[in-house]
Amino acid sequence: MNTFFLEVSSVFPDFYLHLGGDEVDFACWKSNPDIQDFMKKKGFGNDFKQLESFYIQTLLDIITAYGKGYVVWQEVFDNKVKVQPDTIIQVWREEIPVNYLKELALITEAGFRVLLSAPWYLNRINYGPDWENFYMVEPLSFEGTPEQKALVIGGEACMWGEYVDSTNLVPRLWPRAGAVAERLWSNKVVTNSEFALKRLAHFRCELLRRGVQAQPLNVGYCEQEFE
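Each residue of the sequence shown is one higher than the one before, counting from 1 in UniProt numbering.
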């Protein structure tokens, strides 16, 4: 891993690296005799959370040595993996193990910075104007002190590929991602979805004019349709 991250840090100038850490299946590790032997040598017994903590902490040490920052998914925090204080935790689960607002409160109470993604999964689609659900999210509406809320440093809309490929990626992404972008860049008092619809409709027409396959927000038209 040292060699790998040395190459990554030299090829990509970005400061942050996302290390993942979500949906780790301990049953898979348990079935591997090599992992079992390694755990015995380390004195972990059958505590796979210790193994996960060892792995994540090793990666953080390597990345720190190359002057990089790091982001991990919320399971690393939920599994009580010991990480460095400057680790950024990305929240992606809406309700499990707790509502994402409660998760934000727990993580910031522990002093970690947070990125929010839970309410902004663009691969999930619903009939009708689901962009409004994205737009009406207020990331700082959880119960916490001003110091806690200052630790929410931003958010990210996600698109996963189980049911998305090159045939539907772009139209499913746009202009719905624009609703997330406006929410993240706007003051929390900007919540009028009717006004937002006008801006997003104009944005969609601009995308079509530039040759981007952006799906409709509702009934309507653009002076120049996609060709």
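From the three backbone atoms N, C-alpha and C, an ideal C-beta is built for every residue, glycine too.
The model shown is predicted, which means the values in this text are computed figures rather than measured ones.
My guess is that residue i and residue j are in contact by the Cβ rule of under 8 Å, so how many angstroms apart are they, rounded?
i: Glu-156; j: Ser-117; result: 5 Å
i: Phe-112; j: Ile-89; result: 5 Å
i: Tyr-100; j: Val-91; result: 5 Å
i: Glu-109; j: Gln-148; result: 6 Å
Counting along the chain, where does the alpha helix (DSSP H) carrying residue i start and finish?
i: Val-76; result: 74-78
i: Ile-56; result: 48-65
i: Cys-28; result: 26-30
i: Ala-177; result: 176-185
i: Phe-195; result: 193-209
Applying the 10 Å Cβ sphere with the 16-neighbour rule, what's the burial state of residue i?
i: Phe-142; result: buried
i: Asp-78; result: buried
i: Leu-6; result: exposed
i: Pro-85; result: exposed
i: Pro-139; result: buried
i: Pro-146; result: exposed
i: Gly-45; result: exposed
i: Val-11; result: exposed
i: Met-39; result: buried
What's the C-alpha gap between residue i and residue j?
i: Arg-176; j: Glu-23; result: 26 Å
i: Ile-211; j: Leu-197; result: The sequence shown places Gly at residue 211, rather than the Ile named in the question. One C-alpha to the other measures close to 21 Å.
i: Lys-102; j: Trp-185; result: 23 Å
i: Lys-215; j: Lys-188; result: Sequence check: residue 215 is Gln here, not Lys. Gln-215 and Lys-188: Cα-Cα distance of roughly 27 Å.
i: Gly-144; j: Ala-105; result: 6 Å
i: Asn-123; j: Arg-209; result: 24 Å
i: Val-190; j: His-202; result: 18 Å
i: Lys-82; j: Glu-227; result: 53 Å
i: Trp-174; j: Pro-33; result: 46 Å
i: Lys-49; j: Lys-80; result: 8 Å
i: Tyr-70; j: Gly-220; result: 43 Å
i: Gln-224; j: Arg-183; result: 27 Å
How would you write the range of the beta strand (DSSP E) that residue i sits in, first residue to last?
i: Leu-115; result: 113-116
i: Gln-36; result: Premise fails: Gln-36 lies in the alpha helix (DSSP H), 33-42, not in any beta strand (DSSP E).
i: Ile-107; result: Not the beta strand (DSSP E): Ile-107 falls in the alpha helix (DSSP H), residues 100-109.
So does residue i have its beta carbon nearer than 7 Å to some heavy atom of the ligand ADP?
i: Leu-116; result: The model depicted lacks the ligand ADP and carries no ligand whatsoever.
According to DSSP, which residues form a beta bridge with residue i?
i: Ile-89; result: Val-72, Val-114
i: Gly-128; result: Note: Gly-128 sits in no beta bridge, so no partner.
i: Leu-17; result: Tyr-70
i: Tyr-121; result: Cys-158
i: Val-152; result: Val-114
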